[in-house]
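S.K.: Taken in order, these protein sequences are the chains called A and B. Taking the UniProt record's numbering, I'd label the letters of the first sequence as residues 1 to 528. Taking the UniProt record's numbering, I'd label the letters of the second sequence as residues 1 to 70. Every residue gets a Cβ at the ideal spot worked out from N, C-alpha and C, and that includes glycine. Fair warning: this is a prediction, and the values are worked out from it, not measured in the lab.
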Amino acid sequence: MDMVASLPAMKLDRLYANPFICQAILRSLPPLAKKYVLEMLYIDGPVSAKMLEEWVLADGSSKHRIALDRLIQLRIFTETVDRKKETSYRLNPTFQINLRKHLIDREVLPREPMPSNIVARLPSLEELEAYALGQWECFLLQLINSTQAEKLTNFSSSMMKVFQRGLLSQREKEASRLTESGFQFLLMDTNAQLWYIIREYISNSEERDIDPADLISFLLELSFHITGEAYNMNTLTEIQRHMIKDLADLGLIKLQQGRKESWFIPTKLATNLSVSLTDSSSRKQGFVVVETNFRLYAYSSSKLHCEILRLFSRIEYQLPNLFVGAITKESLYNAFENGITAEQIISFLQQNAHPRVAERIPSVPENVADQIRLWESDLNRVEMTPAHLYDEFPSRDVFEAACDFAREWCGLLWEDSKKMRMVLIYQDLPEDPTGRFHDFKQFVESNFDVFKWIGLLIILAQGSCILLAMALRALGQNHGSNYYSDDEYPPARLPLINHNLQPPSFVVGDPHFPSKNDAWNVRIHSQT
Amino acid sequence: MVNATKGLFISCDIPMAQFIINLNSSLPASQKFIIHVMDSTHLFVQPHVSEMIRSAIADFRDQNSYEKPN
Numbered sequence: 001m002d003m004v005a006s007l008p009a010m011k012l013d014r015l016y017a018n019p020f021i022c023q024a025i026l027r028s029l030p031p032l033a034k035k036y037v038l039e040m041l042y043i044d045g046p047v048s049a050k051m052l053e054e055w056v057l058a059d060g061s062s063k064h065r066i067a068l069d070r071l072i073q074l075r076i077f078t079e080t081v082d083r084k085k086e087t088s089y090r091l092n093p094t095f096q097i098n099l100r101k102h103l104i105d106r107e108v109l110p111r112e113p114m115p116s117n118i119v120a121r122l123p124s125l126e127e128l129e130a131y132a133l134g135q136w137e138c139f140l141l142q143l144i145n146s147t148q149a150e151k152l153t154n155f156s157s158s159m160m161k162v163f164q165r166g167l168l169s170q171r172e173k174e175a176s177r178l179t180e181s182g183f184q185f186l187l188m189d190t191n192a193q194l195w196y197i198i199r200e201y202i203s204n205s206e207e208r209d210i211d212p213a214d215l216i217s218f219l220l221e222l223s224f225h226i227t228g229e230a231y232n233m234n235t236l237t238e239i240q241r242h243m244i245k246d247l248a249d250l251g252l253i254k255l256q257q258g259r260k261e262s263w264f265i266p267t268k269l270a271t272n273l274s275v276s277l278t279d280s281s282s283r284k285q286g287f288v289v290v291e292t293n294f295r296l297y298a299y300s301s302s303k304l305h306c307e308i309l310r311l312f313s314r315i316e317y318q319l320p321n322l323f324v325g326a327i328t329k330e331s332l333y334n335a336f337e338n339g340i341t342a343e344q345i346i347s348f349l350q351q352n353a354h355p356r357v358a359e360r361i362p363s364v365p366e367n368v369a370d371q372i373r374l375w376e377s378d379l380n381r382v383e384m385t386p387a388h389l390y391d392e393f394p395s396r397d398v399f400e401a402a403c404d405f406a407r408e409w410c411g412l413l414w415e416d417s418k419k420m421r422m423v424l425i426y427q428d429l430p431e432d433p434t435g436r437f438h439d440f441k442q443f444v445e446s447n448f449d450v451f452k453w454i455g456l457l458i459i460l461a462q463g464s465c466i467l468l469a470m471a472l473r474a475l476g477q478n479h480g481s482n483y484y485s486d487d488e489y490p491p492a493r494l495p496l497i498n499h500n501l502q503p504p505s506f507v508v509g510d511p512h513f514p515s516k517n518d519a520w521n522v523r524i525h526s527q528t
Numbered sequence: 001m002v003n004a005t006k007g008l009f010i011s012c013d014i015p016m017a018q019f020i021i022n023l024n025s026s027l028p029a030s031q032k033f034i035i036h037v038m039d040s041t042h043l044f045v046q047p048h049v050s051e052m053i054r055s056a057i058a059d060f061r062d063q064n065s066y067e068k069p070n
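(1) In angstroms with no decimal places, state the Cα-to-Cα distance between A:F287 and A:L322.
(2) Could you confirm whether any beta carbon from chain A is found closer than 8 Å to the beta carbon of B:T5?
(3) Give the range of the beta strand (DSSP E) segment to which B:D13 is assigned.
(4) Helix, strand or coil, according to DSSP, for A:A298 in the structure here?
(5) Under 8 Å: do the region 376–384 of chain A and the region 50–68 of chain B share three or more Cβ pairs, one atom per stretch?
(6) For A:V324, which option in A:V289, A:N352 and A:N338 has the closest C-alpha, if you only look at C-alpha atoms?
(7) Given this structure, state the Cα-to-Cα distance separating A:E172 from A:I327, to the nearest angstrom.
(8) Note down the Cα distance separating A:Q462 from A:L456, rounded to an integer number of angstroms.
(9) Taking 8 Å as the threshold (beta carbon to beta carbon), is A:L71 in contact with chain B?
(10) Buried or exposed for B:F44, going by 16 or more other Cβ atoms inside 10 Å?
(11) Using DSSP with H/G/I as helix, E/B as strand and the rest coil, what is A:L16?
(12) Taking A:F294 and A:V368 to be in contact with their CB atoms under 8 Å, please state how far apart those CB atoms are, rounded to whole angstroms.
(13) When you compare the CB positions of A:F336 and A:L187, do they come within less than 8 Å of one another, or not?
(14) Please identify, using Cβ separations under 8 Å, the residues of the region 38–54 of chain B that lie next to chain A, in order along the chain.
(15) Does the beta-carbon distance from A:I253 to A:A230 come in below 8 Å?
(16) Would you mind reading off the limits of the beta strand (DSSP E) that contains A:W263?
(17) Just to check my reading of the structure: B:I20 and B:I10 have Cβ atoms closer than 8 Å, yes? What is that Cβ distance to the nearest angstrom?
(18) Could you tell me whether any Cβ in chain B is nearer than 8 Å to the Cβ of A:T385?
(19) What are the complete beta strand (DSSP E) segments, minimum 3 residues, inside the region 284–364 of chain A?
(20) Indicate whether at least one CB of chain B lies closer than 8 Å to the CB of residue 529 of chain A.
(21) My output table needs one value for A:N92: the three-state DSSP class, helix, strand or coil.
(22) In terms of alpha-carbon separation, which member of A:I226, A:E359, A:Y390 and A:M243 lies closest to A:L125?
(23) Nearest-angstrom Cα distance between A:W263 and A:I198?
(24) Mind listing the chain B neighbours of A:Y390? Cutoff is C-beta to C-beta under 9 Å, in chain order.
(25) Give a yes or no on whether 8 Å exceeds the smallest Cβ distance from B:L8 to chain A.
(26) Counting only Cβ-Cβ distances shorter than 7 Å, please list the residues of the region 324–336 of chain A near chain B, keeping chain order.
(27) Taking only runs of the beta strand (DSSP E) that begin and end inside the UniProt domain "Transcription factor Tfb2 C-terminal" (370–423) of chain A, which ones reach a length of at least 3 residues, in chain order?
(28) Report the three-state DSSP secondary structure of A:L252 (helix, strand or coil).
(29) Counting only Cβ pairs nearer than 7 Å, list the residues of chain A close to B:S65.
(30) Could you check if residue 543 of chain A is buried or exposed, using at least 16 other CB atoms within 10 Å of its CB as the buried criterion?
(31) Chain A beta carbons: is any one of them nearer than 8 Å to that of B:D13?
(32) What ranges does the alpha helix (DSSP H) occupy inside the region 17–67 of chain B, keeping only unbroken runs of at least 4 residues that lie completely in it?
(33) Could you pull out every residue in the same chain whose Cβ sits closer than 8 Å to the Cβ of A:P362, ignoring the five residues on either side in sequence?
(34) Kindly say whether B:M57, judged by its beta-carbon, lies nearer than 8 Å to any beta-carbon of chain A.
(35) Quick check on A:L319: buried or exposed, where buried means 16 or more other Cβ atoms within 10 Å of its Cβ?
(36) With A:V81 as the anchor, note down where its beta strand (DSSP E) starts and where it stops.
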């Protein structure tokens with residue numbers, strides 16, 4: 001929903017014209033915000049902020065603040081300050097009208113499920129779920145390692161590059177490796193992964209001239225369809241048809257073709273889109289059993305699960321439907337070096353626990369979880385901070401005063417009042433909170449040869465500029481000295497360069513530059 | 001007059017501190033890096049030795065590991 005909040009005001013109003021979006025956004029609000037919206041639904045005028053605060057008990061004021069901020073961010077509430085400097089809130093009129101309409105007459109989807117006489121072989125719900133999971137896994141495998149995927153999806157390679165942007169480090173010489181966020185992405189649960197991919201897809205849509213508001217509205221509409229029912233393709237607009245193909249590759253939709261018509265069937269992944277990320281009532285079957293002797297048994301035949309478990313455990317055997325591994329210190333050190341944290345590993349194991357151990361509390365044995373955390377902290381036993389040591393203070397008062405000052409500025413690391421010494425944190429450049437300078441430095445370092453060539457090119461261009469200028473000056477003087485007059489009138493100022501000649505179009509770093517220069521020189525010689 | 005010395009402030013647990021002190025005493029006098037030992041868990045060392053200390057600790061840690069041959 002942050003994506004929705006970041007859209008500009010005009011697009012948000014257009015989004016709110018669709019009653020399904022209003023409902024989806026209502027579902028995603030925090031509970032207090034939902035209550036406020038429903039209470040204000042039938043109030044037409046502004047409500048003062050004081051009255052809103054009276055609805056909340058004293059200890060709920062922080063939740064109240066959070067709810068209000070969220071509502072203002074999504075432009076559901078508009079805040080007005082009147083002359084008496086009192087703030088009051090009003091519900092967004094488009095949102096209000098649409099939500100009221102939705103409450104009164106249960107809004108029907110723009111399309112209805114097709115009758116069963118036309119639709120021949122509708123897949124059962126299990127088949128549909130298996131299909132969706134299969135597609136999603138294939139997509140993920142292709143994302144992380146294109147050699148392992150058996151069948152490639154229809155995404156063009158540029159689309160895959162967009163998805164891989166945050167997850168893999170793209171280097172031309174070596175094979176692309178997963179970055180830290182890539183590893184964490186693999187260990188997230190399916191809903192979070194799906195939302196990440198869809199966010200990338202939507203933010204990339206602007207480059208392909210598709211309005212993100214249309215995308216978001218179609219996706220949210222899709223989440224209100226019934227899983228397993230077929231909907232006719234000719235009820236979709238042109239843009240939506242484009243999107244349907246991409247969504248089918250991701251496993252959100254299954255496309256089928258009959259004799260005359262073609263239809264699409266939304267899967268569970270699509271209808272779960274509008275469910276908030278925190279409550280995942282439709283949890284898929286877990287498959288991992290962790291034993292107290294640090295062994296891992298995963299009852300799954302999917303390659304993706306095998307890859308993920310290999311990230312942090314040592315594989316012992318792999319049978320067609322069983323993966324046996326062991327969690328060892330070395331395999332965990334490997335994982336920690338790649339940027340995965342112990343908490344992520346433990347939560348992954350807990351979320352995917354096999355149903356036979358899932359009822360046990362805790363589903364991952366305590367000794368295993370504790371040992372994983374201990375091994376992680378073993379890597380960080382020593383903390384080093386660049387600092388300055390100050391000693392030989394002239395007197396105790398000066399020392400005390402300096403200590404207090406340093407404590408105020410939170411720079412004091414250590415003080416020893418017996419020997420009158422203290423240590424302060426050292427900072428040379430001011431801290432860059434955005435981290436952009438660091439990113440820029442990394443970018444330059446990583447593409448150093450490209451930058452070398454760019455630098456050389458710039459210097460060459462400047463050198464040739466100087467040469468050209470000198471040449472022009474010399475030629476201009478030639479031209480001028482040929483002209484001598486006995487006229488009474490002072491001679492009209494001749495242009496230094498003959499304007500009949502086309503000046504070469506000057507582009508810095510233009511590789512064709514040398515040849516153009518020659519052409520120009522030839523023309524000058526032919527003139528004079 | 002107050003003296004300011006630039007360096008690295010290390011805070012760790014006691015065994016690691018002893019390890020670093022031992023590492024320091026095993027080096028020849030020109031390469032000794034500890035400027036000051038504050039107490040059993042804090043040290044002040046020269047700024048350029050952070051990588052060396054980290055790699056020495058990693059080596060010490062790897063000596064304890066055994067990887068079963070596949």
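M.R.: With the given structure in hand:
(1) Indexing the first sequence from 1 puts residue 287 of chain A at position 287. Indexing the first sequence from 1 puts residue 322 of chain A at position 322. Going by the C-alpha atoms only, they are around 10 Å apart.
(2) Residue 5 of chain B sits at position 5 when you count from the first residue of the second sequence. Yes, its Cβ sits closer than 8 Å to a Cβ of chain A.
(3) On the second sequence, residue 13 of chain B is found 13 positions in, with the first residue counted as 1. B:D13 -> no beta strand (DSSP E), and no H or E assigned at all.
(4) Counting from 1 along the first sequence, the entry for residue 298 of chain A is found at position 298. Of the three classes helix, strand and coil, the one that applies to A:A298 here is strand, per DSSP.
(5) yes
(6) Mapped onto the first sequence, residue 324 of chain A falls at position 324. Comparing Cα-Cα distances from A:V324 to each of A:V289, A:N352 and A:N338, the minimum goes to A:V289.
(7) If you number the first sequence from 1, residue 172 of chain A lands on position 172. If you number the first sequence from 1, residue 327 of chain A lands on position 327. Per-residue confidence for A:E172 stands at a pLDDT of 44, beneath the threshold of 50, marking its modelled position as unreliable; no derived number is given.
(8) On the first sequence, residue 462 of chain A is found 462 positions in, with the first residue counted as 1. On the first sequence, residue 456 of chain A is found 456 positions in, with the first residue counted as 1. In a straight line, the C-alpha of A:Q462 is about 10 Å away from that of A:L456.
(9) The count along the first sequence starts at 1 and reaches residue 71 of chain A at position 71. A:L71 does not count as touching chain B.
(10) To locate residue 44 of chain B, count along the second sequence from 1; it is residue 44. Burial call: buried.
(11) Position 16 of the first sequence, counted from the start, is the residue given in the question as residue 16 of chain A. According to the sequence shown, residue 16 of chain A is Tyr rather than Leu. DSSP places A:Y16 in helix when its eight states are reduced to three.
(12) Locating residue 294 of chain A in the first sequence gives position 294, where the first residue counts as 1. Locating residue 368 of chain A in the first sequence gives position 368, where the first residue counts as 1. With a Cβ gap of about 6 Å, A:F294 and A:V368 count as contacting.
(13) Counting from 1 along the first sequence, the entry for residue 336 of chain A is found at position 336. Counting from 1 along the first sequence, the entry for residue 187 of chain A is found at position 187. Contact flag unset, no.
(14) M38, H42, F44, P47, S50, I53 and R54
(15) The residue given as residue 253 of chain A occupies position 253 in the first sequence. The residue given as residue 230 of chain A occupies position 230 in the first sequence. No. Outside cutoff.
(16) Position 263 of the first sequence, counted from the start, is the residue given in the question as residue 263 of chain A. Residues S262 to P266.
(17) Start at 1 with the first residue of the second sequence, and residue 20 of chain B comes out as number 20. Start at 1 with the first residue of the second sequence, and residue 10 of chain B comes out as number 10. Sure, about 7 Å apart at Cβ, within 8 Å.
(18) By 1-based counting over the first sequence, the position of residue 385 of chain A is 385. Judged by the 8 Å Cβ criterion, A:T385 is in contact with chain B.
(19) 288–290, 295–298, 314–319 and 322–326
(20) Look at the range of chain A in this structure, 1 to 528, and you will see that residue 529 of chain A is not part of it.
(21) The residue labelled residue 92 of chain A in the question sits at position 92 within the first sequence. Correct three-state label for A:N92: coil.
(22) To locate residue 125 of chain A, count along the first sequence from 1; it is residue 125. Among A:I226, A:E359, A:Y390 and A:M243, the Cα nearest to that of A:L125 is on A:I226.
(23) Taking the first sequence and counting its residues from 1, the one referred to as residue 263 of chain A is at position 263. Taking the first sequence and counting its residues from 1, the one referred to as residue 198 of chain A is at position 198. Each residue's Cα considered, the two are about 22 Å apart.
(24) For the purposes of this step, residue 390 of chain A is identified with residue 390 of the first sequence, where counting begins at 1. The contacting residues are V2, N3, A4 and T5.
(25) Stepping through the second sequence from its first residue, residue 8 of chain B is reached at position 8. It does: the Cβ of B:L8 has a partner Cβ on chain A nearer than 8 Å.
(26) K329 and E330
(27) 383–391 and 412–416
(28) Position 252 of the first sequence, counting from 1, holds the residue named residue 252 of chain A. Of the three classes helix, strand and coil, the one that applies to A:L252 here is coil, per DSSP.
(29) Mapped onto the second sequence, residue 65 of chain B falls at position 65. Going along chain A in sequence order, the residues near B:S65 (Cβ under 7 Å) are K329 and E330.
(30) What the structure shows of chain A is the stretch from 1 to 528, and residue 543 of chain A is not part of that stretch, so it cannot be assessed.
(31) For this step, residue 13 of chain B is matched to residue 13 along the second sequence. Cβ-Cβ to chain A under 8 Å: yes for B:D13.
(32) 50–62
(33) Within the first sequence, the letter at position 362 stands for residue 362 of chain A. Contacts found: Q350 and A369.
(34) Against the second sequence, residue 57 of chain B aligns to sequence position 57. Note that residue 57 of chain B is Ile in the sequence shown here, rather than Met. Chain A, which has a Cβ nearer than 8 Å to the Cβ of B:I57, makes this yes.
(35) By one-based count along the first sequence, residue 319 of chain A stands at place 319. Looking at its Cβ environment, which holds fewer than 16 other Cβ atoms inside 10 Å, A:L319 is exposed.
(36) If you number the first sequence from 1, residue 81 of chain A lands on position 81. F77 to V81 is the extent of the beta strand (DSSP E) around A:V81.
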